[in-house]
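Line by line, the protein sequences are chains X and D.
Residues 3 to 236 in the working numbering are what the first sequence spells out, letter by letter.
Residues 3 to 236 in the working numbering are what the second sequence spells out, letter by letter.
We put the CB at the ideal spot given by N, CA and C, even for glycine.
This one's a predicted model, so the numbers in the text were calculated from it and none came from an experiment.
Worksheet: the structure to be examined is printed underneath.
There are 2 protein chains.
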Amino acid sequence: MNRPPEAASELRRAYLFADMADQHLAALIQGMHDIHLNTGDTLFRHSQPAERFFFLRDGMVKLFRLSPEGDEKIIEIMQPGQTFAEAVMFMGTQGRYPVNAEAVSESRLYAIEQKAFLNLLRESHEASFGLLASLSRRLHMLVNQIESLTLQNATYRLVAYLLEQIPRDVKTSPEVQLTTPKGVIASRLAIQPETLSRILAKLRQRELIEVHGNHITVRNVQALRDLVHLPPQD
Amino acid sequence: MNRPPEAASELRRAYLFADMADQHLAALIQGMHDIHLNTGDTLFRHSQPAERFFFLRDGMVKLFRLSPEGDEKIIEIMQPGQTFAEAVMFMGTQGRYPVNAEAVSESRLYAIEQKAFLNLLRESHEASFGLLASLSRRLHMLVNQIESLTLQNATYRLVAYLLEQIPRDVKTSPEVQLTTPKGVIASRLAIQPETLSRILAKLRQRELIEVHGNHITVRNVQALRDLVHLPPQD
DNA sequence: CCACGGCATTGACCTTGGTCAACCGGCCCT
DNA sequence: AGGGCCGGTTGACCAAGGTCAATGCCGTGG
Chain X
3 MNRPPEAASE LRRAYLFADM ADQHLAALIQ GMHDIHLNTG DTLFRHSQPA ERFFFLRDGM
63 VKLFRLSPEG DEKIIEIMQP GQTFAEAVMF MGTQGRYPVN AEAVSESRLY AIEQKAFLNL
123 LRESHEASFG LLASLSRRLH MLVNQIESLT LQNATYRLVA YLLEQIPRDV KTSPEVQLTT
183 PKGVIASRLA IQPETLSRIL AKLRQRELIE VHGNHITVRN VQALRDLVHL PPQD
Chain D
3 MNRPPEAASE LRRAYLFADM ADQHLAALIQ GMHDIHLNTG DTLFRHSQPA ERFFFLRDGM
63 VKLFRLSPEG DEKIIEIMQP GQTFAEAVMF MGTQGRYPVN AEAVSESRLY AIEQKAFLNL
123 LRESHEASFG LLASLSRRLH MLVNQIESLT LQNATYRLVA YLLEQIPRDV KTSPEVQLTT
183 PKGVIASRLA IQPETLSRIL AKLRQRELIE VHGNHITVRN VQALRDLVHL PPQD
């Protein structure tokens, strides 16, 4: 495993590795594997035995569940710099992946053996704390998702999603570039593509947004924020 | 804090404390507080600063979110022997509770200071591992909940809930004693009480169950399992 | 003993979002 | 250039479950 020295700083973007001691990280880097996925490639499937977890370098990977009828619900869309499937290590004897993972765009990843990482956890408190931080962030995200699935309607979820895509510090009329096909976003928000389309059309009619393909211009941020009961400004 | 010696074995019922060294556990027990709640009492509220987490000794506590309109969605109903709000410690600086907590029945709890526990984590790998196990269990539970909220209908969710209530090893015609008012169960399943009532009525008509107040007799387990696509037996 | 309040049930009606189908436009491939 | 495919859009229709209101059923307390 000959690996460029940038690997360490690359990994440190993830909570999990942010504070890990150099030598521990170096050891991990020695043992990890490169993975390349084309769009549509499957990384792992629900209920397969989980022997490694992943760090996403480039591209995008969706984590999703399938209903017996084949309907898909995306739980999370992983972005570069994030780790996933790290929690499975602790699901008792022989953990299994709780979701499917598939590349939404061409992706490069590092795969890390759970065994190796478990050993490291025993030596490194920073690693444990990093993992705990990762898990609690994800936990919180899931609770928020449950809230918006049950307490909010489709329009609310879509608007909240759009607002999330606007970088924090933008003051000008914000532009949102959708990074995945609309069907993927629909599945993430647990609505049908047709419904997504209709909601966008309605927002367009009300002149709250402009839609050009997968580029969206938000014409009236405050009106959108009001729609989701967010206080003015921020 | 004069505490009975049973406290240790009581706490060990929770994943979090199961494998913790005796002296560490003893130290925790020294510092913790007793809490008594009557039905309807609030333990903490969403977005309050979180300074402690809890171990439920007796009774039941619901964790829930409220919509701006006041609708309630129960995320989880805590049972005796479980810990909750342990994850908040790692949500960066000054974590805040992501949910509300309120007693559904008269309850006794132990409250543990997060600071004290954090110090302990630095010394005890067992504590870290216990916490990691707790969090990944909860994570998995939430993913399952998202799946059934999005990919399954109300009848499915209720039937799955009923089947979960049947103790593992029962072979006779199983009896389910609902441990909370039906309205609470409805909120947990993200349906209205009226809908819950109607679904039970429908299952009764089909002679799959009998309902007597909050006692339910399952007349045909296999038919219920089929409804939720579970394989026969198990 | 009756009155009240909370929970549950039932009925009538309505709304949201799903389903099915047609259609459009861009892109790739031959 | 033509054909087919994929993603997205639009329309017509449908159904699951929510809403609103009336009613029943206790259990508690005056």
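For residue i, which three-state DSSP category applies?
i: G83 of chain X; result: coil
i: L191 of chain X; result: coil
i: N146 of chain X; result: helix
i: E115 of chain X; result: strand
i: H35 of chain D; result: strand
i: N40 of chain D; result: coil
i: R54 of chain X; result: strand
i: S136 of chain D; result: helix
i: D228 of chain X; result: helix
i: A16 of chain X; result: coil
i: T197 of chain X; result: helix
i: M22 of chain D; result: coil
i: A124 of chain D; result: At residue 124 of chain D the sequence reads Arg, which differs from the Ala that was named. R124 of chain D falls in the helix class under three-state DSSP.
For residue i, would you say it is in contact with chain D, using Cβ-to-Cβ distances shorter than 8 Å as the test?
i: R227 of chain X; result: no
i: F55 of chain X; result: no
i: K184 of chain X; result: no
i: Q116 of chain X; result: no
i: L27 of chain X; result: no
i: D21 of chain X; result: no
i: E149 of chain X; result: yes
Could you tell me which residues DSSP pairs with residue i in its beta bridges?
i: S107 of chain D; result: D:M62
i: T219 of chain D; result: D:E177 and D:E212
i: N155 of chain D; result: Partner(s): none; N155 of chain D has no beta bridge.
i: E74 of chain X; result: X:L68
i: P100 of chain X; result: BP columns for P100 of chain X are empty, so no partner.
i: F46 of chain D; result: D:A103
Please confirm whether residue i and residue j have their CB atoms less than 8 Å apart.
i: T152 of chain X; j: L151 of chain D; result: yes
i: H231 of chain D; j: M93 of chain X; result: no
i: M91 of chain D; j: M62 of chain D; result: no
i: L165 of chain X; j: L191 of chain X; result: no
i: R67 of chain D; j: A113 of chain D; result: no
i: A10 of chain X; j: I31 of chain X; result: yes
i: A29 of chain D; j: L122 of chain D; result: yes
i: G185 of chain D; j: M22 of chain D; result: no
i: S69 of chain D; j: Q154 of chain X; result: yes
i: K204 of chain X; j: I148 of chain D; result: no
Which residues in the same chain have their Cβ closer than 6 Å to the Cβ of residue i, if we skip the five residues on either side of it in sequence?
i: T44 of chain D; result: E104
i: L58 of chain X; result: M80, P82, Q84 and L111
i: L39 of chain X; result: A105 and S109
Near residue i, what residues of its chain come up, given a Cβ to Cβ distance below 8 Å and the 5 sequence neighbours on each side ignored?
i: G42 of chain D; result: E104 and A105
i: V178 of chain D; result: L164, Q167, I168, H217, I218, T219 and V220
i: A188 of chain D; result: Q194, P195, T197 and L198
Can you list, in chain order, the residues of its chain whose CB lies under 7 Å from that of residue i, leaving out five sequence neighbours each side?
i: L96 of chain X; result: In the sequence as displayed, the identity of residue 96 of chain X is Gln instead of Leu. Excluding residues within five positions, the ones whose Cβ falls inside 7 Å are P51.
So, is the C-beta of residue i closer than 8 Å to a C-beta in chain X?
i: H217 of chain D; result: no
i: A87 of chain D; result: no
i: P51 of chain D; result: no
i: Q154 of chain D; result: yes
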